[in-house]
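Position 171 of the sequence shown, counting from 1, maps to 584 under my numbering, and the rest follow consecutively.
Note that the Cβ used here is the ideal one computed from N, Cα and C, for glycine as well.
None of these values were measured; they are calculated from a predicted model.
A short write-up of the structure that comes next.
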Amino acid sequence: MKLRLRLLLTTAAATAPLVAALYLIDARARHHAAERLLTQAVRHHLQAPGERERCEASPESWGGEPLQPPRGPGGPPPGGPSGEPPHADHRPGGAPPVLHAFSEELRAANPSAPALPPALADGAARADVVTLDPLWPGSSVDVLLRAPWREGPCAWILAHGTTTAGWFGARLPADPLWLVPALGVMLAMTLAAGPAVRRIKRLADRVRRSADSGFAEPVRLDGDDEVAELSRAFDRAAALVRDQLQELQRRERTLREFVSNTTHDVMTPLTVLADHLTTLGERPDQPPDPTVLSAATDELHYVASIIENLALAAKLEAGAP
């Protein structure tokens, strides 16, 4: 695997937990912001004149309708944030919040009211505003808050909304800005790896040229980083290889000279021995001449000693004991 690809994969593996953490932080921030804004909108709605009377007059039918954008104090201006006409629709397309009334005993008179989540029911004994806190929040937001009058069939209000931005003046981060740090890390790692990859490629080219020249060309790179240290290590290894190659060449020359000299030393007595044998072969009917036999035997012993020395030299050259 190429170093650039390895660095890219390593960066991606290191960035993946960061992306997951940033996504979770972003989701939780959006969820908590939506909870706060939903709580503010519901409280503003309950403070409207006559809202308590309407709820307590018919709790079995109150709620279940989408909450309209608040107007007046605390609500968005009639002309919108940028001066659009009052009839302009600023809702971003998500479902608006829906309210349901519950009694002090957390019972709903409206049959269409949803079941109260156990986590919200348990938290109602400890706080006036109860929210869910999932580890990995989604787009759904539920808030249970105590009404300002704190008693009667509408003592608690369950508000169900979403994290959709903009419905009641909220401006949650709709763009995945949390990707910017992750992309920045990957870009920085890629840019940082570029010079190192180029230096490694330069080192590889110099090593190839040094090998083609019999390790006579140096490999050294300037600098004090790990790549420069690696180039100096290559130079030290190349020096050892050059010394070994020179030693092998010297031993090869010595061996060639030894073989050449030995061949000459062997051929001479063999020629003499062949002459003696030829002389003996020319007189098959006569007894062999003791002088010729003695000379032939001497030459044979001489050849045997040369062969024995040659075998010993071969063992020494091979490193045998």
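- Straight through space, the alpha carbons of residue 452 and residue 562 are spaced by roughly 16 angstroms.
- A direct Cα-Cα distance of roughly 29 angstroms separates residue 709 from residue 728.
- In the three-state scheme derived from DSSP, where H, G and I count as helix and E and B as strand, residue 515 is classed as strand.
- The Cβ atoms of residue 550 and residue 435 do not sit closer than 8 angstroms to each other.
- When only Cα atoms are considered, residue 628 and residue 651 end up about 6 angstroms apart.
- Taking a cut-off of 8 angstroms for Cβ pairs, the segment 424-439 and the segment 607-622 do not touch, as fewer than three such pairs fall below it.
- DSSP places residue 533 in the uninterrupted alpha helix (DSSP H) bounded by 531-536.
- Take the alpha-carbon of residue 661 and the one of residue 641: they are about 30 angstroms apart.
- Counting only the Cα atoms, residue 545 lies some 7 angstroms from residue 556.
- The DSSP-derived three-state label of residue 572 is strand.
- Residue 554 sits in a strand when the DSSP states are folded into three classes.
- In the DSSP assignment, residue 539 falls outside any alpha helix (DSSP H) and carries neither an H nor an E.
- Rounded to whole angstroms, the separation of the alpha carbons of residue 688 and residue 712 is 11 angstroms.
- As computed with DSSP, residue 559 is found in a beta bridge with 569.
- Residue 544 has 556 as its beta-bridge partners, per DSSP.
- Contact between the segment 565-578 and the segment 597-609 is absent, with fewer than three C-beta pairs closer than 8 angstroms.
- In the structure shown, residue 423 falls within a helical segment according to DSSP collapsed to helix, strand and coil.
- With contacts defined as CB atoms closer than 8 angstroms, residue 447 and residue 554 qualify as a contacting pair.
- Taken atom to atom, the span from the alpha-carbon of residue 610 to that of residue 622 is near 19 angstroms.
- From the listed residues 565, 526 and 547, the smallest Cα separation to residue 516 is found for 565.
- CA-CA distance, residue 454 to residue 472, rounds to 20 angstroms.
- Going by DSSP, residue 629 is part of no alpha helix (DSSP H) at all; its letter is neither H nor E.
- Residue 606 and residue 552 have their C-alpha atoms spaced approximately 39 angstroms apart.
- Uninterrupted beta strand (DSSP E) stretches at least 3 residues long and entirely within the segment 645-726 do not occur.
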